[in-house]
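Report on the structure given below.
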Amino acid sequence: MAKEINSTKAYSILQQSGNSVLIDVRSSMEYEYVGHPINAIHIPIKEPPDWEIRTDFINNVRS
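Encoded structure:
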């Protein structure tokens, strides 16, 4: 089950586990213009203009 964690906890998990990955689910605009963590995998869950949850999101995460 998916859950939300803060950046400090995410960093700790990534440092302790060799098989964890960080998936950045923010929009492409946020990812490019606000910045993103090094080695983050970008799979946006919503995109403009409709901001609806993408129907292919889960399949993209699995692949």
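So the sequence shown is residues 0 to 62, counted in numbering that gives the first Met the number 0.
Ideal Cβ placement from N, Cα and C applies to all residues, glycine included.
This structure is a prediction, so every number in the text was calculated from the model and none was measured.
Nearest-angstrom beta carbon gap, residue j and residue i [assumed within contact, 8 angstroms]
i	j	result
Y32	H41	Actually they do not touch by this definition, with Cβ atoms about 13 angstroms apart.
S26	P43	5 angstroms
A39	D55	The Cβ separation is near 19 angstroms, so there is no contact.
Contacts around residue i, its chain only, beta-carbon distance under 6 angstroms, and the 5 residues preceding and following it disregarded
i	result
I12	S19
Cutoff 8 angstroms; reference residue i; Cβ partners in own chain excluding five residues on either side
i	result
M28	P47
Nearest neighbour of residue i, chosen from the options [CA to CA]
i	options	result
I37	K2, I52, E3 and A9	A9
K2	G17, L21 and S16	L21
Contact set for residue i: own chain, Cβ-Cβ below 7 angstroms, skip 5 residues either direction
i	result
D51	In the sequence as displayed, the identity of residue 51 is Glu instead of Asp. K45, listed in sequence order.
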